[in-house]
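Residues 876 to 1042 in my numbering are what the sequence shown spells out, letter by letter.
We put the beta carbon where it would ideally sit given N, CA and C, even for glycine.
Note that the coordinates shown come from a computational prediction; the quantities given were computed from them, not determined experimentally.
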Amino acid sequence: MSDLIAVAYDDLPHAEQAREKLIQLHKEHVIELADVVIVERRQDGKIKLHQARNLAAGGALGGAAWGGLIGLIFFMPLLGMAIGGAAGAAMGASADIGIDNEFMRDLGENLPPGTAAVFMLVEKRNPEKAVPEMAPLGGRLIQTSLSPEQEEHLREAVKAARTLQHA
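Structure below.
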């Protein structure tokens, strides 16, 4: 089961920095992300979603691996890898799985103009490693699907990590 976590930031650059850190943690297997999106509320009040396309690359790699394996069976591994990689990338890019866009837009309406929030759908997490990495970036928790106990633990961990960073 995936957990939805949304963190608000004072501006778009801070939200982008947080998303890049999340993608780095995903690549290091500290967390497993199904989706990560920035919701920006512009100064004019309009909502813009910044979808992460980097996660679709995993579909291409997985497709290439399966295609290569199937290609080996039929003695054409390079062709199999090419077809599998293209199919995996296309499915990863076209599949609109993850966080519902309307839900993010609705929550984005509550953000003050000029701010942004990072929405992440986390399939697996290692909080003792992820929280210290994310805490220095600041932000405030605005929405989660965590249990009340898990949410409070996350809030306390972020607060403690920020306190240690400033000490």
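Residue closest to residue i, alpha-carbon to alpha-carbon, out of the options
i: L994; options: Q926, Q899, G920 and K902; result: Here residue 994 turns out to be Phe, not Leu, going by the sequence shown. Ranking the options by Cα distance to F994, first place goes to Q926.
i: H901; options: R1000, A991 and N976; result: R1000
i: G920; options: D981, L908 and L1021; result: D981
i: E1008; options: K896, H889 and S1020; result: K896
i: A1005; options: D885, E891 and L908; result: L908
i: D886; options: R894, D975 and L879; result: R894
i: P873; options: D910, H904, A992 and P988; result: The structure shown does not extend to residue 873, since the chain is modelled only from 876 to 1042, so the question has no answer here.
CB contact flag (residue i, residue j, <9 Å)
i: R1030; j: L1012; result: no
Nearest-angstrom Cβ-Cβ length linking residue i and residue j, presumed shorter than 8 Å
i: V882; j: G983; result: With 8 Å as the limit, V882 and G983 do not qualify as a contact, their Cβ atoms being about 13 Å apart.
Euclidean distance between Cα positions of residue i and residue j
i: Q1018; j: M979; result: 10 Å
i: E998; j: R916; result: 27 Å
i: P1023; j: I906; result: 21 Å
i: D878; j: Q1025; result: 11 Å
i: Y884; j: E977; result: 20 Å
i: G934; j: Q918; result: With a pLDDT of 46 at G934, under the threshold of 50, the modelled position of this residue cannot be trusted; read the value that follows with caution. About 35 Å.
i: V914; j: I898; result: 16 Å
Check: residue i C-beta below 8 Å from any heavy atom of the ligand ZN
i: E1027; result: What this structure holds is no ligand at all, so the ligand ZN is not there to describe.
Please go through the region 888-922 and give each complete alpha helix (DSSP H) segment of 4 or more residues, from N-terminal end onward. Entirely contained in the region 888-922, not one alpha helix (DSSP H) run reaches 4 residues.
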